[in-house]
Amino acid sequence: MHTLFRRRSLNLFALATVAAALFGGNAAFAQDKNTLKVGVSVGSAEQIFEVVKKVAAKDGLNIQLVVFNDYQLPNAALASGDLDANAFQHQPFLDNQNKARGFDIVPVGLTITAPLGFYSRKLKSIDQLPDGAAVGIQNDPSNGNRALLLLQQAGLITLKPEAVKNNTATPLDVVTNPKKLKLVALDAAQLPRSLDDLTIAAINNDYAEKAGLSLAKDAVIKEAPKGPYANLIAVRRADKDKPWAKRLVAAYQSPEVKSFIETQFKGSLVPAF
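If you use mature numbering (1 follows the signal peptide of the UniProt record, and there is no 0), the sequence shown corresponds to residues -30 to -1, 1 to 243, in order.
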């Protein structure tokens, strides 16, 4: 009995050793996964990710898209574990969300730059902007700051230098406003729907596209094509070095996706990689 017990123990030890070698030697494989839920904003991001999905599939990576109509939801969904990654925001927006809402979300790769534009249903040129005009800007800190900087670049307002330096401008930082513009801060998704009630409004590219507005044809003020607001793929900090995160970024930053962006959007979206 003693000899039999020893043999069985040795056999179990050998099996455990083989299993440890198999799984320990392939730790990265064990941590990887082949199906990802990725949150994107409605519009152009959906179109681009249809190409990303095809490229990723060649690498055995299945991407399931979750589409959002609101900028406030994708990070909450990512932080709670409902998503594996999201791709809808630039770094200033992410920094603000992490600080304000206690998220621990980090970038893993760049995607596109979507130049911001001011649009109007009443004007054909910004030179026609009347005194006292109602000007819509985003009510979130990062995009609101971005809109105010664009108004300053157009010579319509002047902001406190410190706010410009720190990218923290709000309507309270306006120091000169010769046309006495009325700044109206609204949720980014609401601005296209409010365009009839405003003289001009800053509208992010994805919402502008959904509203049938073209940056090239319809914007009365617009950012330079390659500004500082490159969008990014974001994940929870614990996942930033996971193999699947690198595979997702590689699929997005592929030649196929870059070519699609340049061909499809003709400068209204610019690859940032």
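All C-beta atoms, glycine included, are put in the ideal place defined by N, C-alpha and C. Remember, predicted model here, so these are calculated numbers, not experimental data.
Anticipated Cβ contact below 8 Å, residue i with residue j, distance rounded
i	j	result
S224	V25	5 Å
I82	L185	Going by Cβ atoms, the distance from I82 to L185 rounds to 13 Å, so no, they are not a contact pair.
K236	V76	That belief does not hold up - the Cβ atoms of K236 and V76 are roughly 32 Å apart, past 8 Å.
A221	L31	7 Å
A172	P162	Contact flag wrong, Cβ pair sits at about 11 Å.
L6	I33	5 Å
L165	V105	That belief does not hold up - the Cβ atoms of L165 and V105 are roughly 11 Å apart, past 8 Å.
D143	A133	4 Å
I96	A124	6 Å
Residue i versus residue j: straight-line alpha-carbon distance, rounded
i	j	result
K94	I191	11 Å
I18	I127	36 Å
V36	N45	12 Å
D110	T138	11 Å
E232	A103	35 Å
K28	G13	24 Å
R206	F73	8 Å
D167	T146	24 Å
L153	L64	24 Å
L183	N201	20 Å
residue 249	P213	Since the first residue of the chain shown is -30 and the last is 243, residue 249 is not available in this structure.
N115	D188	22 Å
K228	L129	36 Å
A215	L119	33 Å
D40	K180	13 Å
residue 255	Y89	Any question about residue 255 goes unanswered here, given that the chain covers just -30 to 243.
Sequence-distant residues of its chain with Cβ nearer than 7 Å to residue i (five each side left out)
i	result
A15	A57, F58, D176
P131	none
D101	K149, K150
Minimum C-alpha distance to residue i - residue among the options
i	options	result
L112	Q42, V105, T128	One detail in the question is off: residue 112 reads as Ser in this sequence, not Leu. It is Q42.
F230	I33, L151, V22, A189	V22
Q67	T81, A47, N174, V227	A47
Q160	Q108, Q123, A208, G125	Q108
A208	N4, V37, A49, S90	A49
K149	Q122, A158, N45, T83	Q122
K3	L119, R91, A55	A55
G51	G9, N39, K92, P62	G9
G197	P131, T140, A181, P62	P62
Y199	L129, F243, T140, N39	F243
H60	N174, R217, K180, K216	N174
F38	Y89, L120, A158, L129	A158
Outcome for residue i when other beta-carbon atoms lying within 10 angstroms are tallied against a minimum of 16
i	result
T169	buried
E193	buried
S11	buried
residue 244	Outside the modelled stretch of the chain, which goes from -30 to 243, sits residue 244, for which no answer is possible.
residue 303	With the chain running from -30 to 243 in the structure shown, residue 303 is simply not present.
residue 270	The requested residue 270 does not occur in the structure, where the chain is confined to residues -30 to 243.
Same chain only: Cβ atoms within 8 Å of residue i, ignoring 5 sequence neighbours per side
i	result
V219	V78, G79, I203
E226	V21, K24, V25
P195	T83, P85, G237, V240
G(-6)	Residue placement at G(-6) is flagged as unreliable, the pLDDT there being 39, under the threshold of 50; a coordinate-derived value is accordingly withheld.
Contact set for residue i: own chain, Cβ-Cβ below 6 Å, skip 5 residues either direction
i	result
L(-9)	Reliability of the predicted coordinates at L(-9) is poor, the pLDDT of 40 falling under 50, and the value obtained from them is presented with this limitation in mind. Same-chain partners within the cutoff: there are none.
P141	L153
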